Every structure is written in C-alpha cells, then in structure tokens.
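A.B. asks: According to our numbering, the first sequence holds residues 9 to 220 in order.
Questions regarding the structure given below will be posed in turn.
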Amino acid sequence: MTDPAAPAAVNSSVLEPLPRAFYVRDTVEVARDLLGRYLAFQPPGQSPMIGRLVEVEAYLGERDLASHASHGHTRRTAPMYEEAGHAYIYLVYGMYWCLNAVTGAVGSPCAVLIRAVEPVEGLIQATDGPGKLCRAYGLDGRWNRADLTSSELRITAGCPVEATAIGTSPRIGVAYAGAWAREPLRFFDRTSRHVSRTQRSALRVNGSDRSS
DNA sequence: GGAACGATTGCT
DNA sequence: GCAATCGTTCCC
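Right under this line is the structure:
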C-alpha cells in the first residue's frame, strides 16, 4: 500500500540500493546494467538529489591504456584496486571531479565512469557530463571511496534500460590510448536527451554510434 | 625539485 | 579553436 503522506516523486522500491554482488561482475556487464539506475545523494541535513543514469563508460584495468590504472597501483588509483561497489572520485584538468563505481574483484582495478544523469529530483544544475554532474550534486574528493551500497551516496534499483535501447560508442577524451581509444566501451540510453554534449559532437564526427 | 599532462567544460 | 587550473605521475 502506498503511503499517502509520501512526497512520492519517486516510489521507494526504485530507491533500494543495488547490492555488492551487482558490482562484482564483468565491468562491461555492470556498465550496461547501470543505465536507468538512480544515483542518489543526500548529504547530512540536506534534501536528496536523484538522477537517472543515462551515459557511462567502462575502464578495464591495467591493460586498458585509457584507464588511470594503466600506471599501476598508485595513491590515486588505489580505490579501483579495492572492494567493488565503492566510489572512485578524482579531479581532472585541475577543475572538475569525476565519479566512478568500482567493479570486479579486489585487486582488479576496473571501474565505470558515470558520464551523465537525467534529473529526477532535487537537481538544479546541468548533469549532462561527468564534471557537470559532480558539480550539480556537490560531489568532490571527500566522497572518494564512499560505499555506493549503503552510504549517503548510493546507486539504487531504478529501472534498467532494455538492451535494444542501449547505444554504444568509443569513449570520450581518451585519444592518447591508441587502439584502446577505439574500443566500444561507452554506453548510453538512446532515448535520453540528457547525454553529454561531448558525446553528441563526437558521434556526429566519427559516426560511430552503434546501437545494440 | 621540476615539468608535462590530463577519463572536461565553457567561452571566443 | 583554445584557455582555465592543479593534482598526479614521471624524469632529473
């Protein structure tokens, strides 16, 4: 039975956090399965911010030349080597924070970069880009290693995007990575108008949109 | 200790 | 097309 007093922009079942086991799988599988899920953040004393994941990228460990992990285990990349289901948050270009979900087994430095969400609740600023969404949520390095299954920063069940609606393309901003730059490791909801601006221009240029 | 370089964004 | 801006990584 629905609670008539609930604000109910979002019902409770979709807000159930995804369990640890969700993240302890093949990283590409996790990336695709993350589309349609909710990124929910409620800092102490503030109202919740919720967005629907519409664009992600998979980073596949030390052999992946586009990944920070290609430099091995360093102070920065340590979170990727740790338990799946936690956040890996880093500063890029000295200005923007980026949020990842750590995936796979401990010791295997894989992660999924959250590139864009569609505002669902409490989000005012733009969320169509990895730096923009962290700015909109107010996320920064203090939330590095946050447990996405149980902390104030979590990813919840939402409603997964069906396979036929998932678009695939090479990753953005990793031209330095040689052949790895061309791997189809970016996934997005083809029906969403909230994918990143960078993605749309890249797709126009290289025509690499391969919906699957 | 120093230099080069970004998993981006926004303005020209 | 390109500047902003600073932590990380790597070389001396």
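The beta-carbon is built from N, C-alpha and C at its ideal position, and this holds for glycine as well.
Just so we're clear, the structure is a prediction, and the values are computed from it rather than from any experiment.
1) Please state whether DSSP places Val-36 in a helix, a strand or coil.
2) Do Glu-70 and Arg-123 have their beta-carbon atoms positioned less than 8 Å apart in this structure?
3) For Ala-189, name the three-state secondary structure that DSSP assigns.
4) Return the CA-CA distance between Met-57 and Phe-49, expressed in angstroms with no decimal places.
5) Report the three-state DSSP secondary structure of Asn-214 (helix, strand or coil).
6) Cα separation between Leu-42 and Val-36?
7) How would you call Ala-67, buried or exposed, if buried means at least 16 neighbouring beta carbons within 10 angstroms?
8) Measure the CB-CB distance between Thr-61 and Ala-185 and report whether it falls below 8 Å.
9) Pick from Tyr-98, Ala-77, Arg-33, Gly-93: whose alpha carbon is nearest that of Arg-143?
10) Rounded to whole angstroms, how far is the Cβ of Ala-95 from the Cβ of Arg-153, which I believe are closer than 8 Å?
11) Can you list, in chain order, the residues of its chain whose CB lies under 6 Å from that of Ser-219, leaving out five sequence neighbours each side?
12) Taking DSSP's pairing of strands, which residues face Ala-109 in a bridge?
13) Between which residues of its own chain and Val-169 is the CB-CB distance below 7 Å, once the five residues before and five after are set aside?
14) If you draw a straight line from the alpha carbon of Arg-28 to that of Lys-140, how long is it in whole angstroms?
15) What do you reckon, are the CB atoms on Phe-30 and Val-22 nearer than 8 Å?
16) Under 8 Å by Cβ, that's how I've got Ala-77 and Thr-85 pegged, so tell me the actual separation to the nearest angstrom.
17) With Ala-66 as the anchor, note down where its beta strand (DSSP E) starts and where it stops.
18) If I follow the unbroken beta strand (DSSP E) through Leu-26, where does it start and stop?
19) How many angstroms separate the CA atom of Gly-112 from the CA atom of Leu-161?
20) Excluding sequence positions up to five away, which residues of its chain have a Cβ less than 8 Å from the Cβ of Gln-133?
21) With the cut-off set at 8 Å, would you say Glu-65 and Arg-190 are in Cβ contact?
C.D. replies: On the basis of the coordinates in this document:
1) helix
2) no
3) helix
4) 5 Å
5) Low local confidence applies: a pLDDT of 42 at Asn-214 is under 50, so the model's placement there is unreliable, and no value is given.
6) 10 Å
7) First, the amino acid is wrong: residue 67 is Tyr here, not Ala. The residue in question, Tyr-67, is buried, as its Cβ has 16 or more Cβ neighbours within 10 Å.
8) The sequence shown places Leu at residue 61, rather than the Thr named in the question. No; because the gap between Cβ atoms is not below 8 Å, this pair is not in contact.
9) Tyr-98
10) 6 Å
11) Here the model assigns Ser-219 a pLDDT of 38, short of 50, so the residue's position is not dependable, and the following value carries that caveat. If we look at Ser-219 and ignore the five residues flanking it on each side, its Cβ neighbours are Gly-175, Arg-198.
12) Ala-95, Val-120
13) Leu-43, Gly-44, Asp-197
14) 27 Å
15) no
16) 5 Å
17) 57 to 68
18) Element bounds for Leu-26: n/a, residue is neither H nor E.
19) 19 Å
20) Lys-140, Arg-143, Ala-144
21) no
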